[in-house]
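Student: Quick note: the sequence shown uses our numbering, first residue 224, plus one each step.
Beta carbons are placed, not taken as given, at the ideal position from N, Cα and C, and that holds for glycine.
From a predicted model like this one, the values you see are computed outputs, not experimental measurements.
Shown below is the structure under consideration.
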Amino acid sequence: WWALIYYGHDRVSVLDGDLLGAFQRGLSEAVTNRTARPRALSLPTQKRRLIALRNFLRFCQAQLWLQQDLAPAVHPPKLPRRPDKSLDEDARARLVSSLRTSNSAEMRDRALVLLLLCPGATITEVLRLDRTDWVTAEITVRAEAGRSPIEITPRARIAVDDYLAGRTDPSGAL
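Spelled out as structure tokens, the structure:
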């Protein structure tokens, strides 16, 4: 829709690859006036706008308002990968030593933190774990495509085993 309004059109049928390309180039040159100094739109802002446009184009195609599928012509920018914000060894040691185990909730929290500190662990993967994934001999982790499995540390294994030994509920979630 932005591409239409930006170029003064009021009908979806006028959309074509040239108009979309011009809009994408315009976004990369656009500035915002939210502050005293105008600045270029950030890459995440450009990406969000282009993804919204692509989804709108898919909707238009599904409604048969367009003769051709223009969504593949929209190319959101790739964002640079952010550096990991990992803890140094001293911070890890202080964190682990601060974790208590006097009740079930504290044991759960300790096990969760130690799992998250394992090499390769992401919060999404750890939260997906079920009791059936946790076998004494091996651990099956449904890692995201293209990622290596989580390396469970001995300390994390002991913490999870201790937590599971004290659980009495029938829930399958780890």
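1) How about Val-336 and Leu-318: are their beta carbons less than 9 Å apart?
2) Hey, is the stretch 346-358 in contact with the stretch 290-305, meaning 3+ C-beta pairs nearer than 8 Å?
3) Please name the residue, chosen from Thr-391, Ala-396 and Thr-324, that lies closest to Ile-381 on a Cα-to-Cα basis.
4) Answer yes or no: do Ala-328 and Asp-385 have a C-beta to C-beta separation smaller than 9 Å?
5) Would you identify the three-state DSSP class for Arg-333, choosing helix, strand or coil?
6) Residue range of the alpha helix (DSSP H) that Glu-252 falls in?
7) Taking the DSSP output, what are the residues bridged to Arg-398?
8) Which residue comes first and which comes last in the alpha helix (DSSP H) that contains Glu-348?
9) When you compare only the Cα positions, how much space is there between Ala-275 and Gln-290?
10) What does the Cβ neighbour count give for Leu-350, buried or exposed, with the cut at 16 atoms within 10 Å?
Tutor: A quick look at the data gives this:
1) Taking 9 Å as the cut-off, the Cβ atoms of Val-336 and Leu-318 count as close.
2) The stretch 346-358 makes no contact with the stretch 290-305: fewer than 3 CB pairs, one atom from each, lie closer than 8 Å.
3) Nearest C-alpha to Ile-381: Thr-324.
4) Their beta carbons are not under 9 Å apart, which means Ala-328 does not touch Asp-385 by this criterion.
5) Looking at Arg-333 - three-state DSSP - the assignment turns out to be helix.
6) Counted as a single uninterrupted DSSP element, the alpha helix (DSSP H) harbouring Glu-252 occupies residues 240-252.
7) Absent from the structure is residue 398, since the part of the chain shown begins at 224 and ends at 397.
8) Boundaries of the alpha helix (DSSP H) harbouring Glu-348: 346-351, taken from the DSSP string.
9) Taking C-alpha positions only, Ala-275 is separated from Gln-290 by approximately 20 Å.
10) Under this definition Leu-350 is an exposed residue.
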